[in-house]
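First the structure, in the form of structure tokens, and then the observations on it.
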Amino acid sequence: AKRGGRGRILRFDPVMEEELHGRLSLVSRLAEAQSNGQFSLVYQPQLALSDGTTFGSEALLRWQLPEGGWVPPDRFIPVAEDAGHILSLGEWVLRQACLAQVRWRDGAVGRLRMAVNVSVRQLRDENFVRGAERILTACNADPRDIELEITESHAMENDQVLAMVRVLRGMGFSIAIDDFGTGYSSLSRLQQLPASVLKIDRSFVTDLGTLPESRSIAATIVKVGHELGMTVLAEGVETAEQEEILRSLGCDAVQGYLYAKPMPAERFERWILERSP
Ligand code: C2E
Ligand code: CA
Ligand code: CA
Ligand code: CA
Numbered sequence: 482a483k484r485g486g487r488g489r490i491l492r493f494d495p496v497m498e499e500e501l502h503g504r505l506s507l508v509s510r511l512a513e514a515q516s517n518g519q520f521s522l523v524y525q526p527q528l529a530l531s532d533g534t535t536f537g538s539e540a541l542l543r544w545q546l547p548e549g550g551w552v553p554p555d556r557f558i559p560v561a562e563d564a565g566h567i568l569s570l571g572e573w574v575l576r577q578a579c580l581a582q583v584r585w586r587d588g589a590v591g592r593l594r595m596a597v598n599v600s601v602r603q604l605r606d607e608n609f610v611r612g613a614e615r616i617l618t619a620c621n622a623d624p625r626d627i628e629l630e631i632t633e634s635h636a637m638e639n640d641q642v643l644a645m646v647r648v649l650r651g652m653g654f655s656i657a658i659d660d661f662g663t664g665y666s667s668l669s670r671l672q673q674l675p676a677s678v679l680k681i682d683r684s685f686v687t688d689l690g691t692l693p694e695s696r697s698i699a700a701t702i703v704k705v706g707h708e709l710g711m712t713v714l715a716e717g718v719e720t721a722e723q724e725e726i727l728r729s730l731g732c733d734a735v736q737g738y739l740y741a742k743p744m745p746a747e748r749f750e751r752w753i754l755e756r757s758p
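In structure tokens:
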């Protein structure tokens, strides 16, 4: 038996056989998906807990199949990473997100920070910085308005990744540590990262009202984040009770279905405009 990607135990049986074929066909379809315009981005608002204003959004990738239906990112991103597609796909995502940020900035929506998920494969790519610079210039985007989200485990992975994060920070990008609390990073390692945002993983937020452990983990993350001068953002907030607990813990910002699901650009724009006074 072999340990699967999400902690499941996979055995070499017919089910695995099917998984393998599913993976292969995903690989072959990923390449055409990009040129055939099957990818799009949706945007989820990020709000300040103090006054409820929306200060940013996270761009999330969607893959719609021509025969109908969606492939969830949790399923195709790992495949794209293994197959190397994530490099061109990630560039496409960064470009689309920058284009939207600039369109909003220069239009009725106004200046919002745009958070973009970045895979560790991109961070290990020596061409990433040049590609990012090209995109910023082409879109006329200010890197201070673009936040690169890097998952905790990857951000801490090795010195090469750490060095890359420092270069990106030096270019002016904002850095967020995603899914915080799920990895095993030491505090000294966390201190070395030039990140300005710490995102509490959804798993802790989900159990905030029911599990005392989740509440103390969240409380600790808020304390550690503030100690290191970071803004702490909780993801996956679904209930008013969770919001209330996060507020009592001193958490700075929130994102989740309680406020809005990820939306296509036009709907996001309408959502913002309907809420502004
Ligand atoms: P993530 O970065 O942790 O993104 C948060 C996920 O939680 C998103 O799932 C979002 O739709 C979902 N979510 C937000 N609020 C709530 C809530 O209140 N309740 C629940 N149940 N879920 C909520 P999504 O869009 O399916 O993305 C899954 C993962 O795929 C992301 O997790 C991220 O790791 C990856 N991903 C998505 N887009 C990209 C991308 O452009 N590039 C890379 N490298 N990874 C991406
Ligand atoms: Ca994220
Ligand atoms: Ca996350
Ligand atoms: Ca996640």
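To get UniProt numbering, take the position in the sequence shown, counting from 1, and add 481.
Even for Gly, the Cβ is constructed at its ideal location relative to N, Cα and C.
- A heavy atom of ligand 1 is found nearer than 7 Å to the CB of residue 558.
- For residue 742, the Cβ stays outside the 7 Å cut-off from all heavy atoms of ligand 3.
- Non-local C-beta neighbours of residue 527 in its own chain, meaning closer than 8 Å and more than five positions away in sequence, comprise 535, 536, 537, 538, 539, 594, 596, 714, 734, 735 and 736, ordered along the chain.
- Ordered by chain, the residues meeting the criterion of a beta-carbon within less than 6 Å of a non-hydrogen atom of ligand 2 are 539, 598, 630 and 659.
- DSSP places residue 525 within a strand segment (E or B) once states are collapsed to three.
- Taking each of 516, 649 and 728 in turn and checking the Cα distance to residue 532, the smallest one comes out for 728.
- Residues 596, 598, 657 and 659 of the same chain have their beta carbon placed closer than 6 Å to that of residue 630, with the five preceding and five following residues left out of the count.
- Following the DSSP letters along the chain, one finds residue 519 in no beta strand (DSSP E), marked with neither H nor E.
- With distances taken between CA atoms, residue 662 lies nearest to 681 out of 649, 681 and 645.
- Under the DSSP assignment, residue 604 falls in the alpha helix (DSSP H) whose first and last residues are 601-604.
- For residue 660, the uninterrupted beta strand (DSSP E) segment begins and ends at 655-661.
- Three or more beta-carbon pairs separated by less than 8 Å link the stretch 600-612 to the stretch 628-646, which places the two stretches in contact.
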